[in-house]
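The structure under discussion appears below in the form of structure tokens.
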Amino acid sequence: MTIPDAAVTASPVPSPPSAALRWTVRLLALLLAVPLVWVCVFTVRDRQAQSLAQLADVQAKSLDLELAEATLTRAARMLPGDAKLQLALAKVDRSLWIFRNTPAWQAQADAAFRRAGTLNPHWPLPAYEHARMYAVKLRYAEALPLLQDALDRDPNNAGFWLERARYLVALGRLPDAASAYATCQRLLPNPECARGVPATGRQP
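Set out below in structure tokens:
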């Protein structure tokens, strides 16, 4: 029996994609590729910056501080949003200020510590290290508010309270120091905080 031609269902021939569809596909492919490219770029930059940071650490330990500062500056420029790199740079700038005692290095260290704190507002270490910068110079009145910034970020840090007590003793504020020692002892019992400085003025 012969099947009439009209009864045969022909397979539809797909029409070629329109120009708009082809453009959409290309655009999607491009958008998917861009994040991968950026990930690769940032990975390379991160590795380079970390290598520079390691080199700077070696240079700093060799007391080649200016070279270490230049190396860390390069690393920080590669990763301007890295708070840890900024803190490392700040600590080298601090050392240069301690040894050189020039306003320029002081200003650079201050700025680097502030940048590190701004990049990670919940991280107390930049403020703590900034406070130590002035404590080393026995400038406790300037160190105290910086240390308070660290305590605001981490009020349960016994080490910060111990540091505060020491600054207050140096400033002659013994009742306040006694309170700081008591808080330190409550958070983390230890001999120095246990001795404390009572309001009578007895120093540990």
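Counting in our numbering, the sequence shown runs from 22 upward without gaps.
Glycine included, every Cβ here is placed at the ideal spot set by N, Cα and C.
Please read all numbers here as calculations on a predicted model, not as lab measurements.
Hey, how far is the Cα of residue i from the Cα of residue j?
i, j, result
"Pro147", "Pro210", "25 Å"
"Pro176", "Gln69", "36 Å"
"Gly102", "Asn178", "26 Å"
"Ala77", "Ala186", "34 Å"
"Lys82", "Tyr149", "21 Å"
"Pro212", "Ala199", "14 Å"
"Val190", "Pro196", "9 Å"
"Arg136", "Ser72", "21 Å"
"Met154", "Thr64", "33 Å"
"Leu84", "Trp118", "13 Å"
"Leu80", "Pro124", "Contrary to the premise, residue 80 reads as Gln rather than Leu in this sequence. Answer to the nearest angstrom: the Cα atoms are 23 Å apart."
"Ala201", "Tyr188", "10 Å"
Below 8 Å between beta carbons: does that hold for residue i and residue j?
i, j, result
"Gln206", "Gly217", "yes"
"Ala74", "Ala96", "yes"
"Gln107", "Leu140", "yes"
"Ala130", "Asp114", "yes"
"Pro145", "Arg98", "no"
"Phe134", "Ala111", "yes"
Taking only three categories from DSSP, how would you classify residue i?
i, result
"Thr8", "Residue 8 lies beyond the range of the chain shown here (22 to 225); nothing can be said about it."
"Ser72", "helix"
"Gly102", "coil"
"Gly193", "coil"
"Gly138", "helix"
"Asp85", "coil"
"Pro176", "coil"
"His143", "coil"
Rounded C-beta distance between residue i and residue j? I'm assuming under 8 Å.
i, j, result
"Ala164", "Ala156", "4 Å"
"Leu93", "Ala109", "6 Å"
Relative to the C-alpha of residue i, which residue among the options is closest?
i, options, result
"Asp67", "Ala137, Leu100 and Lys82", "Leu100"
"Leu183", "Trp144, Tyr161, Leu84 and Cys214", "Cys214"
"Asn122", "Lys158, Gly138 and Ala132", "Lys158"
"Ala91", "Trp126, Val65 and His151", "Trp126"
"Leu208", "Phe181, Glu87, Val65 and His143", "Phe181"
"Ser116", "Ala201, Gly138, Pro142 and Glu87", "Glu87"
Would the C-beta of residue i count as close to the ligand FAD, meaning under 7 Å from any of its heavy atoms?
i, result
"Val65", "As presented, the structure is devoid of all ligands, the ligand FAD included, so that no description of it is given."
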